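Residue numbers (our numbering), protein chains in the order written: chain H, 214 to 395; chain A, 214 to 395; chain Z, 214 to 395; chain D, 214 to 395.
4 protein chains.
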Amino acid sequence: MKKEETIRILITGGTIDKEYDPLTGELTFSRSHLSNMLNQVRCKIRVILEEVMLKDSLRMMNEDREEILKKCIHCLENKIIITHGTDTMVETARMLGNNAKGKTIVLIGAMIPYAFGASDALFNLGCAFSAVQALEQGVYITMNGKIFHWDNVRKNKESGEFEELPHQGIRSPGGESENQQI
Amino acid sequence: MKKEETIRILITGGTIDKEYDPLTGELTFSRSHLSNMLNQVRCKIRVILEEVMLKDSLRMMNEDREEILKKCIHCLENKIIITHGTDTMVETARMLGNNAKGKTIVLIGAMIPYAFGASDALFNLGCAFSAVQALEQGVYITMNGKIFHWDNVRKNKESGEFEELPHQGIRSPGGESENQQI
Amino acid sequence: MKKEETIRILITGGTIDKEYDPLTGELTFSRSHLSNMLNQVRCKIRVILEEVMLKDSLRMMNEDREEILKKCIHCLENKIIITHGTDTMVETARMLGNNAKGKTIVLIGAMIPYAFGASDALFNLGCAFSAVQALEQGVYITMNGKIFHWDNVRKNKESGEFEELPHQGIRSPGGESENQQI
Amino acid sequence: MKKEETIRILITGGTIDKEYDPLTGELTFSRSHLSNMLNQVRCKIRVILEEVMLKDSLRMMNEDREEILKKCIHCLENKIIITHGTDTMVETARMLGNNAKGKTIVLIGAMIPYAFGASDALFNLGCAFSAVQALEQGVYITMNGKIFHWDNVRKNKESGEFEELPHQGIRSPGGESENQQI
Numbered sequence: 214m215k216k217e218e219t220i221r222i223l224i225t226g227g228t229i230d231k232e233y234d235p236l237t238g239e240l241t242f243s244r245s246h247l248s249n250m251l252n253q254v255r256c257k258i259r260v261i262l263e264e265v266m267l268k269d270s271l272r273m274m275n276e277d278r279e280e281i282l283k284k285c286i287h288c289l290e291n292k293i294i295i296t297h298g299t300d301t302m303v304e305t306a307r308m309l310g311n312n313a314k315g316k317t318i319v320l321i322g323a324m325i326p327y328a329f330g331a332s333d334a335l336f337n338l339g340c341a342f343s344a345v346q347a348l349e350q351g352v353y354i355t356m357n358g359k360i361f362h363w364d365n366v367r368k369n370k371e372s373g374e375f376e377e378l379p380h381q382g383i384r385s386p387g388g389e390s391e392n393q394q395i
Numbered sequence: 214m215k216k217e218e219t220i221r222i223l224i225t226g227g228t229i230d231k232e233y234d235p236l237t238g239e240l241t242f243s244r245s246h247l248s249n250m251l252n253q254v255r256c257k258i259r260v261i262l263e264e265v266m267l268k269d270s271l272r273m274m275n276e277d278r279e280e281i282l283k284k285c286i287h288c289l290e291n292k293i294i295i296t297h298g299t300d301t302m303v304e305t306a307r308m309l310g311n312n313a314k315g316k317t318i319v320l321i322g323a324m325i326p327y328a329f330g331a332s333d334a335l336f337n338l339g340c341a342f343s344a345v346q347a348l349e350q351g352v353y354i355t356m357n358g359k360i361f362h363w364d365n366v367r368k369n370k371e372s373g374e375f376e377e378l379p380h381q382g383i384r385s386p387g388g389e390s391e392n393q394q395i
Numbered sequence: 214m215k216k217e218e219t220i221r222i223l224i225t226g227g228t229i230d231k232e233y234d235p236l237t238g239e240l241t242f243s244r245s246h247l248s249n250m251l252n253q254v255r256c257k258i259r260v261i262l263e264e265v266m267l268k269d270s271l272r273m274m275n276e277d278r279e280e281i282l283k284k285c286i287h288c289l290e291n292k293i294i295i296t297h298g299t300d301t302m303v304e305t306a307r308m309l310g311n312n313a314k315g316k317t318i319v320l321i322g323a324m325i326p327y328a329f330g331a332s333d334a335l336f337n338l339g340c341a342f343s344a345v346q347a348l349e350q351g352v353y354i355t356m357n358g359k360i361f362h363w364d365n366v367r368k369n370k371e372s373g374e375f376e377e378l379p380h381q382g383i384r385s386p387g388g389e390s391e392n393q394q395i
Numbered sequence: 214m215k216k217e218e219t220i221r222i223l224i225t226g227g228t229i230d231k232e233y234d235p236l237t238g239e240l241t242f243s244r245s246h247l248s249n250m251l252n253q254v255r256c257k258i259r260v261i262l263e264e265v266m267l268k269d270s271l272r273m274m275n276e277d278r279e280e281i282l283k284k285c286i287h288c289l290e291n292k293i294i295i296t297h298g299t300d301t302m303v304e305t306a307r308m309l310g311n312n313a314k315g316k317t318i319v320l321i322g323a324m325i326p327y328a329f330g331a332s333d334a335l336f337n338l339g340c341a342f343s344a345v346q347a348l349e350q351g352v353y354i355t356m357n358g359k360i361f362h363w364d365n366v367r368k369n370k371e372s373g374e375f376e377e378l379p380h381q382g383i384r385s386p387g388g389e390s391e392n393q394q395i
């Protein structure tokens with residue numbers, strides 16, 4: 214355990230922050246719940262909350278990912294948690310994994326909004342907190358209680374679960390697989 | 214990330230598993246909620262749940278801690294999470310730290326029961342899951358979003374928060390401090 | 214207080230019974246929560262639960278309303294609660310008001326699903342329970358803490374609230390207003 | 214349905230307003246949740262909230278009941294809801310029934326605090342809202358989905374449920390029973 218470091222949380226939206234709009238019957242964003250979540254769980258670590266955007270990750274464009282990357286690179290902190298929609302979380306993780314070096318970055322989201330009953334949001338946030346403190350530099354996703362390296366994870370759209378990539382007997386010498394030697 | 218290993222969760226009671234008894238108006242234990250918690254958060258890691266006891270940690274005796282120690286030593290798993298009351302969690306962690314070698318053991322609890330509103334239980338459980346997977350051998354407590362080594366933590370009874378021991382300029386050559394060289 | 218009578222609850226769907234589907238991110242029906250709700254609130258009155266349909270009330274057709282009417286007329290009970298989507302609740306109430314005589318019928322719904330946080334479902338259900346026991350024969354809606362007679366209520370789509378019809382100094386001799394002489 | 218009248222809610226404490234104190238592990242009062250409850254359920258009826266006291270009803274003394282009685286008699290409203298601990302709710306109802314004439318007064322409480330999971334508080338509050346609007350003058354308790362007249366109710370301490378008094382073949386001509394001719 215090194216000396217306690219401040220953690221920066223970059224908020225980008227996703228199911229974790231969605232709310233039910235009783236007038237339209239649809240899920241929407243109004244404001245992030247991260248601050249309430251941290252109060253509820255009695256988090257006492259130094260945290261900087263930064264709302265970068267509040268987007269459904271299916272609507273994230275390349276420029277959104279560029280903005281997230283810039284925030285990661287330019288902030289002073291070396292430990293970063295990113296809240297993110299699950300649908301394209303792997304894509305953002307890959308982009309960060311290839312470009313944001315020298316920091317520990319953990320992406321999380323939720324399958325059920327924090328504001329609803331029976332959400333997985335607080336558990337996933339807890340997973341991210343320990344992971345960002347305990348893991349060495351790199352880009353990770355913590356979902357379903359597991360820790361995934363950015364280049365060895367996919368979302369199974371049928372089950373809604375994150376899982377490791379299928380094992381390949383022999384790795385090709387190029388492409389993504391070269392990053393899997395962790 | 215090494216190959217995924219099964220995590221054993223030893224349930225010992227504490228606030229995390231307490232319920233409100235509407236007939237007596239008191240907090241009691243009926244059964245552990247850990248199984249429900251893991252379902253709610255969509256945990257997909259292999260977990261073995263073992264209910265060792267359901268006790269308020271103020272009522273834990275030496276023989277209870279001995280039993281927990283035995284479970285830690287004799288189980289096949291090398292990654293162990295222990296749910297525990299917060300009042301004597303540090304005491305159990307110290308006993309395990311001195312006696313249970315060669316495994317990664319993480320103790321957690323909650324300040325508000327899982328069954329109540331606004332609980333910190335799921336967050337703390339998430340912290341334990343990543344910690345037990347990412348940390349090297351040793352005994353740890355994850356509370357308030359922080360990771361504590363067993364020999365550098367106390368519960369502040371006034372704030373209800375876990376904190377590191379006050380820093381000492383020069384360490385005495387004997388006693389507990391010899392374990393702090395982490 | 215007359216002798217306690219059995220209450221029949223006709224379940225027709227609506228927001229009160231909707232759930233969040235984490236795979237599609239949409240609101241859906243899987244099963245009614247009324248049984249769970251009655252357990253939670255420790256209801257000890259004799260109740261018969263009948264699931265007539267699980268529909269968004271915007272998708273209710275005339276034949277659906279005919280079916281609800283038949284259930285009201287042919288059941289043995291004289292006290293009936295109907296759970297219903299709010300969007301066309303007034304329409305169903307009007308149809309029942311014109312055709313189901315001799316019983317006390319109370320329609321309710323919710324603006325936020327029971328399964329979500331901060332729902333109005335249990336309160337509305339409570340309003341219906343007392344209303345159906347205390348009111349004389351007729352068809353009523355209990356929403357927003359108010360009791361409305363079926364021919365003097367509308368849903369304000371902008372506020373999402375139920376309200377009485379605007380007062381008219383002189384009532385026209387025909388049309389709906391002839392039912393308003395309550 | 215007569216013209217809508219303002220409802221006065223007298224808050225006296227009881228389980229409905231209790232909270233869990235994480236530092237002591239005990240149930241305590243800090244502030245009433247009634248205002249939050251009314252917001253959550255989208256109540257749109259005119260309500261005056263008055264916090265008379267925040268007491269466990271086992272600790273209520275005669276002077277507390279006198280104070281509640283005075284509030285009932287002297288307030289302008291004719292429709293009054295009283296939130297109250299369940300243990301001595303029947304006692305307060307009896308005192309009010311004998312002394313507060315000319316108003317509709319409904320007492321409610323909860324077996325599980327509003328602030329906890331799976332509470333009956335909102336349902337009971339809904340029961341009170343319709344009862345106070347629909348019932349004629351008198352003093353009532355609405356618990357477990359039932360409406361009880363003040364002189365025909367007791368709390369079954371074993372089941373925690375409110376129930377009517379056991380039926381007596383012949384009623385004595387005097388005393389409380391004269392009020393049972395409802």
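Note that beta-carbon positions come from the ideal geometry of N, C-alpha and C, so glycine has one too.
None of the values given here were measured: they were computed from a predicted structure.
Take the alpha-carbon of Cys256 of chain A and the one of Asn337 of chain H: they are about 10 Å apart. Using a Cβ distance threshold of 8 Å, Ile222 of chain H and Val260 of chain H count as a contacting pair.
Under the Cβ criterion (8 Å, minimum of three pairs), the region 335-349 of chain A counts as touching the region 331-346 of chain H. Measuring C-alpha to C-alpha distances from Arg272 of chain Z to each of Z:Thr317, Z:Thr355, Z:Met302 identifies Z:Met302 as the nearest.
Rounded to whole angstroms, the Cβ separation of Ile360 of chain Z and Gln346 of chain D is 6 Å, and the two are in contact under 8 Å. Here Gly315 of chain A is exposed, its C-beta having fewer than 16 other C-beta atoms within 10 Å. Taking each of D:Arg307, D:Glu304, D:Cys285 in turn and checking the Cα distance to Thr317 of chain D, the smallest one comes out for D:Cys285. In the three-state reduction of the DSSP assignment, Phe242 of chain H falls in the coil class. Of all residues in the region 308-338 of chain D, only Met324, Ala331, Asp333, Leu335, Phe336, Asn337, Leu338 come within less than 7 Å of chain Z when Cβ atoms are compared, listed by chain position. A residue is called buried once 16 or more other Cβ atoms fall within 10 Å of its Cβ, and Leu236 of chain D, having fewer, is exposed.
Residues Glu232 of the same chain have their beta carbon placed closer than 7 Å to that of Ser243 of chain A, with the five preceding and five following residues left out of the count. Counted as a single uninterrupted DSSP element, the alpha helix (DSSP H) harbouring Ile281 of chain A occupies residues 275-287. Ser332 of chain Z is positioned such that its CB atom lies no closer than 8 Å to that of Gly298 of chain Z. Counting along the chain, Asn337 of chain A sits inside the alpha helix (DSSP H) bounded by residues 334-347. For the region 234-259 of chain H, the set of residues with a beta-carbon nearer than 9 Å to any beta-carbon of chain Z comprises Pro235, Leu236, Gly238, Glu239, Leu240, in chain order. Residue contact with chain A for Lys370 of chain H: absent (no Cβ-Cβ distance below 8 Å to any residue of chain A). Around Asp300 of chain H, the same chain offers Ser270, Leu271 as residues with beta carbons nearer than 6 Å, after the five sequence neighbours per side are excluded. Identification of residues in the region 355-366 of chain A having a C-beta nearer than 7 Å to some C-beta of chain H yields Thr355, Asn357, Gly358, Lys359, Ile360, His362, given in sequence order.
At a Cβ-Cβ threshold of 8 Å, Ala334 of chain D and Met250 of chain D count as neighbours.
Taking the Cβ atoms as the reference, Tyr327 of chain D lies roughly 5 Å from His246 of chain D, within the contact range of under 8 Å. In this structure, the beta-carbon distance from Thr296 of chain D to Gly330 of chain D does not fall below 8 Å.
The beta-carbon of Thr301 of chain H is placed no less than 8 Å from the nearest beta-carbon of chain Z. Proximity of Ala344 of chain A to chain H, defined by a Cβ-Cβ separation below 8 Å, is satisfied. Among the residues facing chain Z, Gly226 of chain H is not included, as its CB has no counterpart in that chain under 8 Å away. In the DSSP assignment, Met356 of chain D falls within the unbroken beta strand (DSSP E) covering 351-356.
Exclusion of the five residues before and after Glu263 of chain Z leaves Leu223 as the residues of its chain whose Cβ lies within less than 6 Å of its Cβ.
If you draw a straight line from the Cα of Thr241 of chain A to the Cα of Asp234 of chain A, it is about 6 Å long. In this structure, the CA atom of Asn365 of chain A is about 23 Å from the CA atom of Lys283 of chain A. The beta carbon of Ala313 of chain Z is closer than 7 Å to those of Leu282, Cys285, Ile286, Val352 in its chain, skipping five residues each way along the sequence. Taking a beta-carbon distance threshold of 8 Å, Ala306 of chain H does not count as an interface residue toward chain A. According to the DSSP secondary-structure assignment, Ile261 of chain H is paired through a beta bridge with H:Arg221.
Taking C-alpha positions only, Trp363 of chain H is separated from Thr305 of chain H by approximately 9 Å.
Between Gly373 of chain Z and Met324 of chain Z, the beta carbon gap of about 6 Å places them in contact (Cβ cut-off 8 Å).
Looking from the CA of Glu371 of chain H, the closest CA among Z:Cys288, Z:Ala344, Z:Thr225, Z:Gly238 belongs to Z:Gly238.
Using a 10 angstroms sphere on the CB of Thr219 of chain D, the tally of other CB atoms stays under 16, which defines it as exposed. As DSSP reads the structure, Gly226 of chain H sits in a beta bridge with H:Lys268.
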